[in-house]
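The C-terminal residue of the sequence shown carries number 375 in the numbering used here, and the numbering is unbroken.
Before any comments, here is the structure.
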Amino acid sequence: MLLEYHFKKYNFRLLLDMLALSVIGLMAIWSATGQSRSTLNKQIMGIVLGLVIALVLSVIDYHWILSFHFLIYFACIGFLAAVLLFGRSRGISTRWLELPVIGQIQPAEFVKIGMILFFSWYFQRYQEKINRVTVIGAALLLYALPALLIYIQPNLSTLIVLTIIIAAIVFSAGISYKWVLGVLAVAVPGVALLLYLLQSGSIPFLQGYQANRILAWIDPAKYSDTFYQQENSIMAIGSGQLWGKGWNNTGILSVKTGNFLVEEQNDFIFAIIGEEFGFVGGMLVIALYLILIYECLIMAMRASDLAGRMICVGMATLVGFQGFANIAVATAVFPNTGLPLPFISSGVSSLLSLFIGMGVVLNVGLQRRFKNE
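Spelled out as structure tokens, the structure:
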């Protein structure tokens, strides 16, 4: 199989883009954690291991990987169920597993990749019948089980990301616009109704802190005790101005020195980037994400089959939406959530899952439809 690949067409641009984002992440984490060597070393190990996995997966035929579709699906369900039974908690959330030798992982991050692979197989398998109610209904049921297990953790932000990813895969599979318009006709007024009920305190399926974050986003003045982190994040980004205050800045007005943010190495790492590297640094990060998304979509267009196209679209959506959501939280465009910034935020589970997904994308690129492209 290796001899059949055209390695001159290997997408080194995508690989370099991921590494560039990872290096920026190392710099930001080193600064955000007060030069914590243990955290930095853990992230470096994650990058090295992730890169090796991505390179290996890039030469393994993704069709062979997809042949294990149900094993992938039930492995995802098994890991999520194990979290609820044996998981470690932080506050009211139970999202982590402690594994021998490996240590602590967050299975929901890997489930995102697993669901991209499974539903890419599913919608290729039924591409001729995709608009049938039975096919869509079965897909909803298959989605509902992992979605429920993630919701119970509770992990609403990951559930939203997973929903957006699956929606993008379904759209790229060529579903009829009648379905799309039907969903929008229900979703738009549904969101408006939810926001109305939220302000009256009538949504039972949201945790108190989740509701307060949304309400703080709607009315920051009224819920200032919940909104203060996002407010401090905006101040930090603005204080960086054009070129920033400099890497590893420890000035008295720094968000790190004043402890103005919680989890600045994870959820609010873009505030560190904005403060220390300024508008230029922030735009560089955004540009790298746009390049990565562009490369994934180009490979989707050139994929040899529908499954390859959906894998690339799924990964582009994961990086694009999650990156946008993290930056949107840091700038108060979105309510506060717990989503990591892809390839940059501290966290080996998120890092490894992204490298795994991108490794499969690289293999899709090696099997492009037109070999002379």
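All C-beta atoms in this analysis are idealised placements derived from N, C-alpha and C, irrespective of residue type, glycine included.
Just so you know, these numbers come straight off a predicted model, no measurement behind them.
Measuring alpha carbon to alpha carbon, tell me which residue in M117, V85, L119 and L151 is nearest Q388.
This structure cannot speak to residue 388, because the chain is shown only from 3 to 375.
Identify the residues that DSSP records as bridge partners of S178: which are they?
S178 pairs with nothing; no bridge assigned.
What first and last residue would you give for the beta strand (DSSP E) that runs through R97?
Here the beta strand (DSSP E) through R97 covers S95 to L101.
How big is the Cα-Cα spacing for L99 and F88?
7 Å
How many whole angstroms separate the CB atoms of A34 and Q267, which I take to be in contact at a CB cut-off of 8 Å?
4 Å
Taking only the alpha-carbon atoms, compute the straight-line gap between S1 and D221 and give it to the nearest angstrom.
Since the first residue of the chain shown is 3 and the last is 375, residue 1 is not available in this structure.
What's the C-alpha gap between E375 and Q37?
Bear in mind that the predicted position of E375 carries a pLDDT of just 48, short of 50, making it unreliable; the figure below should be weighed with that in mind. So the two alpha carbons sit approximately 46 Å from each other.
From L354 to Q324, what distance separates their C-alpha atoms?
15 Å
If you check the beta carbons only, do K114 and V163 fall under 9 Å apart?
yes
Would you be able to state if there are at least three C-beta pairs under 8 Å between the stretch 311 to 324 and the stretch 245 to 257?
no
Please classify Q45: is it buried, with 16 or more other beta-carbons within 10 angstroms of its beta-carbon, or exposed?
buried
Give the DSSP-derived three-state secondary structure of D19 in the structure shown.
helix
Measuring straight from C-alpha to C-alpha, what distance separates L147 and G242?
44 Å
I'd like to know if the stretch 301 to 311 and the stretch 262 to 279 are in contact, where contact means that at least 3 CB-CB pairs between them fall below 8 Å.
no
Whole angstroms is fine: what's the gap from L161's alpha carbon to G52's?
24 Å
To test your reading of the DSSP string, which unbroken alpha helix (DSSP H) runs of 4 or more residues are found completely within the stretch 109 to 193?
109 to 127, 135 to 154 and 158 to 174
Alpha carbon to alpha carbon, how far is W219 from N234?
14 Å
Whose C-beta lies closer than 7 Å to the C-beta of I132 among residues of the same chain, with five residues either side of it excluded?
F125, A175, G176 and I177
Give the secondary structure of S352 by DSSP, where H, G and I count as helix, E and B as strand, and everything else as coil.
Helix, per DSSP.
If we ignore side chains and look at the alpha-carbon of each, how far apart do K373 and G367 end up?
For K373, the predicted model reports a pLDDT of 47, less than 50, meaning its position is unreliable and no value from the coordinates is stated.
Which of the three DSSP states is assigned to F212 in this structure?
The sequence given here places Gln at residue 212; Phe does not occur at that position. Of the three classes helix, strand and coil, the one that applies to Q212 here is helix, per DSSP.
Go ahead and label L18 buried or exposed: buried means 16 or more other beta carbons lie within 10 angstroms of its beta carbon, across all protein chains shown.
exposed
Figure out for me which residue from Q108, F357 and L341 has the closest Cα to the Cα of L21.
F357
Short of 7 Å in beta carbon distance, which residues of its chain neighbour R97, apart from the five on each side in sequence? Order them along the chain.
V85, G89, Q108, A110, Q155 and N157
Indicate the three-state DSSP secondary structure (helix, strand or coil) for I107 in the structure shown.
strand
Would you report the Cα separation of I49 and N13, rounded to the nearest angstrom?
I49 and N13 have their C-alpha atoms spaced approximately 18 Å apart.
Which parts of the stretch 17 to 94 are runs of the beta strand (DSSP E), unbroken and 3 residues or longer, counting only runs that do not cross its ends?
Assignment of beta strand (DSSP E) within the stretch 17 to 94, counting only whole runs of 3 or more residues, yields 90 to 92 in chain order.
With DSSP collapsed to three states, give me the class of D227.
Note: D227 maps to helix in three-state DSSP.
Cα separation between K258 and T228?
Computed Cα separation, rounded: 19 Å.
For the alpha helix (DSSP H) containing A289, list its first residue and its last residue.
I271 to R304
Does the Cβ-Cβ distance between L59 and L294 come in under 9 Å?
no
Judging by CA-CA distance, which residue of Y230, M360, R370 and V282 is the nearest neighbour of N261?
Comparing Cα positions, the closest option is Y230.
Within 10 Å of its beta-carbon, does S159 have 16 or more other beta-carbons around it, so buried, or fewer, so exposed?
Buried, because 16 or more other Cβ atoms sit within 10 Å of the Cβ of S159.
Do you know whose CA, among V362, Q369 and G349, lies nearest I118's CA?
When only C-alpha atoms are compared, the closest one is V362.
Can you list, in chain order, the residues of its chain with a C-beta nearer than 6 Å to that of W32? Leave out the 5 residues immediately preceding and following it.
Cβ-Cβ distances below 6 Å link W32 to L42 in the same chain, with the five nearest sequence neighbours on each side left out; the list follows chain order.
Out of curiosity, what's the CA-to-CA distance linking I152 and R215?
19 Å
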